[in-house]
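Everything below concerns the one structure shown next.
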Amino acid sequence: MYKILSYLLICTGLFIIFFAVHGMYSVFIGGGSAPAIVNFADLTIKTQLGPMLLPMQQANLIINLCLFTLFMGFLVMVGSKVAGVGCQILKNERIYQALRQLQLQGGTLSQGLKQL
132 MYKILSYLLI CTGLFIIFFA VHGMYSVFIG GGSAPAIVNF ADLTIKTQLG PMLLPMQQAN
192 LIINLCLFTL FMGFLVMVGS KVAGVGCQIL KNERIYQALR QLQLQGGTLS QGLKQL
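Using this note's numbering, the first residue of the sequence shown is number 132, and each one after it goes up by one.
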């Protein structure tokens, strides 16, 4: 029962990690665009020479790319934690099975631990 759960958690964690890596690859290398989360309007600044228009398109692009990178980094971290939990469950299950097998063979626990 726990083996199925642990392998499911490992596969889910790896899927999350690969999804995040694929998303970052498609945006940074593949030419896709990051989702537009922030959209600043162009700024008009009054100076002594008259009003100046500052375009914010590049700032929007940089901020959206940074937010997208932070979100994908968060997904990679979550995926690694989920896969790590699956590995810990699997490791504990294997230790439990080894100790149970040792008891069935008639050995004592201290003898089995000395052999490990």
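All C-beta atoms, glycine included, are put in the ideal place defined by N, C-alpha and C.
Endpoints, the alpha helix (DSSP H) within which Met187 is located:
No alpha helix (DSSP H) contains Met187, which DSSP labels as neither H nor E.
Report yes if the CB atom of Val169 is closer than 8 Å to the CB atom of Asn191, and no otherwise.
yes
Taking three-plus beta-carbon pairs below 8 Å as touching, is the region 165 to 183 in contact with the region 205 to 217?
no
Going by the beta-carbon positions, is the gap between Ala167 and Asn195 smaller than 8 Å?
Contact annotation: Ala167 and Asn195 have beta-carbon atoms nearer than 8 Å.
In whole angstroms, give me the CA-to-CA distance for Gly217 and Tyr133.
Straight-line Cα distance between these residues: approximately 9 Å.
Residue range of the unbroken beta strand (DSSP E) whose run includes Leu180:
No beta strand (DSSP E) holds Leu180; DSSP gives it neither H nor E.
Quick one: which unbroken alpha helix (DSSP H) runs of 4-plus residues sit fully inside the region 194 to 221? Chain order, please.
none
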